[in-house]
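The sequence shown begins at 1 in the UniProt record's numbering and counts up by one.
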Amino acid sequence: MTTAATNSRRSSVSSISSQIKMMDISDDLRKRKLTMEQLSVDDQERIVSDIMYTRIKDKRSHVPHGISEEQALLNLVKGLIGTGILSLPKAFSNAGLWAGFVMLVVLNCCNIFCLRMVIKRSHQFCMLVECGAIDYGKTAELTFSLGPPALRKFGKTARILVNSFIMICQLGFCSVYLLFIAENMRQVVDGNGVLPIQAYVAFTLIPIIPLCCVRHLKYLTLPSTVANLLYLISFVITFQYLFLQLPPSSRLPAIRAMDTLPLAFGNIMFSFEAVCLVLPIENRMKTPRFYMTWNGVVNTGCILVTLLNLAVGFYGYLSFGSDIQDSITLNLPSTVYVNL
């Protein structure tokens, strides 16, 4: 590690550890009569991290309806998998088989890195302001309020903007979900299209509105588990058709022209849908430390969904080639088995 990187890490640790009283440092450190300056950067980070997560856990111990790591993972996976995954074969078609593969891996890695950065900063802010959890808007406000002097007056504005963008983003995602469910319901129930799509949207709202009224993620774990099982069944059926006759990958272009790459970029970013859910799920965890470990909730959930996205996009385009539709479900045979 370079000297500059080491100094940067030491400065970051110092800025957080300066908020910690010496009485909060472990008994082992006090017995040895050591100071933070006498420790390596890794040891400093470990001690500060231990104190930070202990404080956050203590604050959350008094909050009802907390969720475990398993419940958090189920809710996160359910949020990450959405209708966007069905358009990934089209994204690979716009980018090229191997260019799409690389784009999806790189973009999802960037997403995971940014998510972890936001979560880490929110944990640090929780310790600084002595609270158990903060949302996206509050994180943005504290980022400005505790940042450079010239930007501190924009803290409240940043919170309003972030909350507004999240609302618009969720409105778009939910609209796509409703239309997707309604259209598939109409294909199964009314192939001739006697009723308008608006009627099926209204029917779809009947079970969805009660679910949206549930305020605690703890009680959404069971619906998320059922949804994940249904996802698993549907993808098994989809892969069953994709793997029937897989042609060689050499028949498809490895990379497309530059003018279609932005379309692939949009589809890939849309498939990673749970950005707005990551922090709310974390805020309800009883043990926030396990949200960020190398094998924790964020890494496990995001990597599993990334692998699934790669499989659907790669094999969907490989199987149907230039005939791939905007949604892979349109390429599947219209049978009762597939429709259900």
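Note that CB positions come from ideal geometry on N, CA and C, so glycine has one too.
So, with DSSP's three-state summary, where would you put residue i?
i, result
"I160", "helix"
"residue 342", "Any property of residue 342 remains undetermined from this structure, which presents the chain solely from 1 to 340."
"I112", "helix"
"I206", "helix"
"Q325", "coil"
"V194", "coil"
"residue 361", "The requested residue 361 does not occur in the structure, where the chain is confined to residues 1 to 340."
"R152", "helix"
"R256", "coil"
"I268", "helix"
"R215", "coil"
"P223", "helix"
"M23", "In this prediction, M23 scores a pLDDT of 43, lower than 50, which makes its location untrustworthy; the coordinate-derived value is nonetheless stated afterwards. Note: M23 maps to helix in three-state DSSP."
"D58", "helix"
"C131", "coil"
"F180", "helix"
"I81", "coil"
"E141", "helix"
"G301", "helix"
Have a look at residue i and residue j and give me their C-alpha separation to the nearest angstrom.
i, j, result
"Y136", "R60", "18 Å"
"V312", "L261", "18 Å"
"S334", "L178", "21 Å"
"Y53", "S87", "39 Å"
"Q325", "P148", "49 Å"
"F125", "A72", "21 Å"
"M127", "S164", "26 Å"
"P64", "E130", "18 Å"
"M258", "V106", "17 Å"
"M22", "A99", "In this predicted model, M22 has a pLDDT of only 43, less than 50, meaning its place in the structure is not dependable; the value taken from the coordinates is given anyway. So the two alpha carbons sit approximately 52 Å from each other."
"L263", "C212", "32 Å"
"F243", "Y315", "8 Å"
"V214", "A227", "16 Å"
"L161", "A95", "33 Å"
"L205", "L171", "14 Å"
"I208", "F180", "14 Å"
"Q240", "G321", "17 Å"
"L330", "Q187", "11 Å"
"G301", "V194", "41 Å"
"T306", "G132", "30 Å"
Looking only at its own chain, which residues have a Cβ that is under 8 Å from the Cβ of residue i, when we skip the five neighbours before and after it?
i, result
"N75", "I67, L217, L220, T221, S224, L277 and I281"
"I119", "V278, L279, E282, Y291, M292 and V298"
"residue 392", "The question about residue 392 has no answer, for the chain in this structure spans 1 to 340."
"F203", "A182 and M185"
Which residues share a DSSP beta bridge with residue i?
i, result
"M285", "I67"
Here's a check: name, in chain order, each residue in its chain whose Cβ is nearer than 7 Å to the Cβ of residue i, leaving out the five neighbours to either side.
i, result
"I166", "Y136 and C276"
"E141", "G155, K156, A158 and R159"
"R55", "M127"
"V176", "T83"
Considering only residues of the same chain and omitting the five flanking positions on each side of residue i, which have a CB-CB separation below 6 Å?
i, result
"I197", "A182"
"I168", "none"
"M185", "Y200"
"P89", "G313, G316, Y317, I324 and I328"
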